[in-house]
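Single-structure report; data block below.
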Amino acid sequence: MPETTYAKERRSSRVFTRLAVHATGKNTDGRKFNEKGQTIVINAHGGLIYLQQALALGAEVVLANPATEEEQECRVVYVGDTSDRGTRVGVEFLSPSPHFWGVEFAQQDWLTSTAPSSSAN
85 MPETTYAKER
95 RSSRVFTRLA
105 VHATGKNTDG
115 RKFNEKGQTI
125 VINAHGGLIY
135 LQQALALGAE
145 VVLANPATEE
155 EQECRVVYVG
165 DTSDRGTRVG
175 VEFLSPSPHF
185 WGVEFAQQDW
195 LTSTAPSSSA
205 N
C-alpha cells in the first residue's frame, strides 16, 4: 500500500526524530523490565521506538519522557524487525497526550489539501 494511503488513515502528523524514552512493563516471558530506548517516529497518539525487550501485541507499557518528565500508559500495536538498535515497537497512548513528546504536531487537515487556495489570505 503506498505511503499516501497510510497518511490519509493517520490521526495526526508524524515527526521522524530521535528522542530518549524510558520504558517499563512486562516482556513476553512475563518478567518486569525497565529500559532506556529511543524514538524513531512520534505523533500525538504514540510512536515507533527501539526497545531491546521482546514484547507482545497488546502488551501494556509505561513510557517516560525525560525531557518533559511525563509518563504515559501505552499499548503495543506493532512489533517490527530487529536490528542492532533493538526491535521496532509501535505504541499508542491509552489516553490522549498531545504534549507528551514536547513537540507541536501539524493539524491533520493541513495535510489533506495539496491544491493552492484560490482565496486571498
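85 is the number of the first residue of the sequence shown in our numbering; add one for each residue after it. Just so it is clear, CB atoms sit at the ideal spot from N, CA and C, and this is done for glycine as well. Just so it is clear, the structure is predicted and the values come from calculations on it, not from any experiment.
Query                                                                                   : Result
Assigned secondary structure, Val-187 (DSSP; H/G/I helix, E/B strand, else coil)        : coil
Asn-139 versus Asp-168, Gly-174, Gly-130, Phe-184, residue with shortest Cα-Cα distance : Per the sequence presented here, residue 139 reads as Leu, with Asn not at that position. With distances taken between Cα atoms, Leu-139 lies closest to Gly-174.
Secondary structure of Leu-103, DSSP reduced to three states                            : coil
Residues near His-106 in its chain [Cβ-Cβ closer than 6 Å; skip 5 each side]            : Lys-120, Ala-148
Simplified DSSP state of Thr-171, which is helix, strand or coil                        : strand
Three-way DSSP call (helix, strand, coil) for Leu-178 in this model                     : coil
Simplified DSSP assignment, three categories, for Gly-131                               : strand
Cβ distance (whole Å) where Ala-143 is taken to contact Val-125 below 8 Å               : 19 Å between Cβ atoms; not a contact.
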